[in-house]
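*Asks:* Next up is a structure, given as structure tokens.
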Amino acid sequence: MVRFLVIPQWQGSPAPRAMLLVDGASAIAGDLPRAATTVLDVPVEAGEALGTGVRRLSALLRTRELVHGHIDADTVVIGGDCSVTVAALDALPGGTEDLAVVWCDAHADLHTPETSPSGAFSGMALRALLGEGEEQLALSPAIPADRVVTVGMRTLDDAEIAPLAPLTNLSVADLERPEALLDAVRSTGASRVWVHIDVDVLDPSDFAGVSSSVPFGLSPAALSTAVRTLRGEIPLAGATIAGFAPRSPADAVDDLGALLRLIGAVA
Numbered sequence: 001m002v003r004f005l006v007i008p009q010w011q012g013s014p015a016p017r018a019m020l021l022v023d024g025a026s027a028i029a030g031d032l033p034r035a036a037t038t039v040l041d042v043p044v045e046a047g048e049a050l051g052t053g054v055r056r057l058s059a060l061l062r063t064r065e066l067v068h069g070h071i072d073a074d075t076v077v078i079g080g081d082c083s084v085t086v087a088a089l090d091a092l093p094g095g096t097e098d099l100a101v102v103w104c105d106a107h108a109d110l111h112t113p114e115t116s117p118s119g120a121f122s123g124m125a126l127r128a129l130l131g132e133g134e135e136q137l138a139l140s141p142a143i144p145a146d147r148v149v150t151v152g153m154r155t156l157d158d159a160e161i162a163p164l165a166p167l168t169n170l171s172v173a174d175l176e177r178p179e180a181l182l183d184a185v186r187s188t189g190a191s192r193v194w195v196h197i198d199v200d201v202l203d204p205s206d207f208a209g210v211s212s213s214v215p216f217g218l219s220p221a222a223l224s225t226a227v228r229t230l231r232g233e234i235p236l237a238g239a240t241i242a243g244f245a246p247r248s249p250a251d252a253v254d255d256l257g258a259l260l261r262l263i264g265a266v267a
């Protein structure tokens, strides 16, 4: 049975109104089956950098500890900021040696503490899955670059260009063919896949509740169809829906249809 783990972490976000992510996680939780949903009691305080280049590191580490014991097979994680996926994979039963990661995001999230303009860990999350960056947060063992597929990435900083090159990168146009995602994951040789979806991968005309929207994104229908096609052949180890930051209850209602479509695709 699919389980939902709601992790309303905001401390990894660079957004001025990062705590809107808590509201977003709560809004999603309200539409999930109560008996199958656990809401994690994460720290609410900002936390300290602890002498590193990662803002709010102490709170991030505490949340990571709390996630252990809550990730089972077929868990769908609801964020919170994107870095909740790093904590989830650190706690994944069976490890990650047979795992591919699909990272659906408008942004690259490939910074390190040395290159990040904000010091926010969500902008380092994919780099951490590759085993690089702040050693207290980087995944070990790392996910090899040849088992990472990015989807819909369309804005990145200069420092992210080199680490992006070894990954398999699918554009918005690539997903006009639903089998493109399946083909990319199949080529990794992995026997399981974790699908991470930052909702800013969607086009702003279809989804407004994000901190930093980027035009020319995916439609909910295209992404959902691609994920369902992927699941038809390769089992999901789990999934993440992250980055929902509604500015008002009305915005949350407007985005609900797209959210339910995505959740249905991964659950």
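Oh and the sequence shown: position 213 is 213 in our numbering, straight run, nothing missing. Yeah, the Cβ is synthetic: ideal placement off N, Cα and C, and Gly gets one too.
1) Please go through the same chain and pick out, in chain order, the residues whose beta-carbon is closer than 8 Å to the beta-carbon of I67, but skip the five residues on each side of it.
2) On the premise that D109 lies in contact with A125, defined as a C-beta separation below 8 Å, what is that separation, rounded to the nearest angstrom?
3) Tell me which residues share the same chain as A138 and place their Cβ nearer than 7 Å to its Cβ, disregarding the 5 neighbours each side in the sequence.
4) With DSSP as the reference, label G238 as helix, strand or coil.
5) Which residue marks the beginning of the beta strand (DSSP E) containing T38, and which one marks its end?
6) For the region 183-255, which segments carrying the alpha helix (DSSP H) assignment without a break, of at least 4 residues, lie completely within its bounds, in sequence order?
7) Between which residues of its own chain and R3 is the CB-CB distance below 8 Å, once the five residues before and five after are set aside?
8) In chain order, what residues of the same chain have a beta carbon less than 6 Å from the beta carbon of L181, not counting five sequence neighbours either side?
9) Around the Cβ of I161, are there at least 16 other Cβ atoms within 10 angstroms (buried) or fewer (exposed)?
10) Could you please give me the residues that DSSP links to R3 through a beta bridge?
11) Rounded to the nearest angstrom, what separates S191 and I234 at their Cα positions?
12) Could you tell me whether the region 43-61 touches the region 195-207, using the rule of 3 or more Cβ pairs below 8 Å?
13) Take W10 as the anchor and find which of R34, V42, L32 has the nearest alpha-carbon.
14) Using a Cβ-Cβ cutoff of less than 6 Å, which residues in the same chain neighbour S122 once the five nearest sequence positions on both sides are dropped?
15) Compare the C-alpha of T188 against each of S211, V172, T150, L218 and name the closest.
*Replies:* The relevant details are as follows:
1) Taking the first residue of the sequence shown as 1, we reach residue 67 at position 67. Looking at the sequence itself, residue 67 is Val, so the reference to Ile does not match. Excluding sequence neighbours, V67 sits near L5, I7, L40, V84, A87, A88, D90, A91.
2) Translated into the one-based positions of the sequence shown, residue 125 becomes position 125. Translated into the one-based positions of the sequence shown, residue 109 becomes position 109. Going by Cβ atoms, the distance from A125 to D109 rounds to 5 Å, so yes, they are a contact pair.
3) Residue mapping note: residue 138 aligns to position 138 of the sequence shown, counting from 1. Non-local C-beta neighbours of A138 in its own chain, meaning closer than 7 Å and more than five positions away in sequence, comprise A128, G131, E132, ordered along the chain.
4) By 1-based counting over the sequence shown, the position of residue 238 is 238. In the structure shown, G238 sits in a strand (DSSP, three-state: E or B).
5) Walking along the sequence shown from the start, residue 38 turns up at place 38. Residue range 37-39 is occupied by the beta strand (DSSP E) that includes T38.
6) Under the rule that a run must span 4 or more residues, the alpha helix (DSSP H) segments found entirely inside the region 183-255 read 220-231.
7) Locating residue 3 in the sequence shown gives position 3, where the first residue counts as 1. Annotation for R3: A36, T37, T38, D72, D74, T75, V76 place their beta carbon closer than 8 Å to its own, counting only its chain and skipping 5 residues before and after.
8) Translated into the one-based positions of the sequence shown, residue 181 becomes position 181. Same-chain partners within the cutoff: A226, L230.
9) By 1-based counting over the sequence shown, the position of residue 161 is 161. By the neighbour-count rule (16 or more Cβ atoms within 10 Å), I161 is not buried but exposed.
10) For the purposes of this step, residue 3 is taken as the residue at position 3 of the sequence shown. Bridge partners of R3: T75.
11) Within the sequence shown, the letter at position 191 stands for residue 191. Within the sequence shown, the letter at position 234 stands for residue 234. The alpha-carbon separation between S191 and I234 amounts to approximately 6 Å.
12) Output reads no: the region 195-207 does not touch the region 43-61.
13) Looking up residue 10 in the sequence shown gives position 10. Looking at R34, V42, L32, the one whose alpha-carbon comes closest to that of W10 is V42.
14) Within the sequence shown, residue 122 is the residue found at index 122, counting from 1. Residues of the same chain with a CB within less than 6 Å of the CB of S122, apart from the 5 flanking positions on each side, are G12, S13, D81, C82, S83 in chain order.
15) In the sequence shown, the residue the question calls residue 188 occupies position 188. T150 is the residue among S211, V172, T150, L218 whose C-alpha sits nearest the C-alpha of T188.
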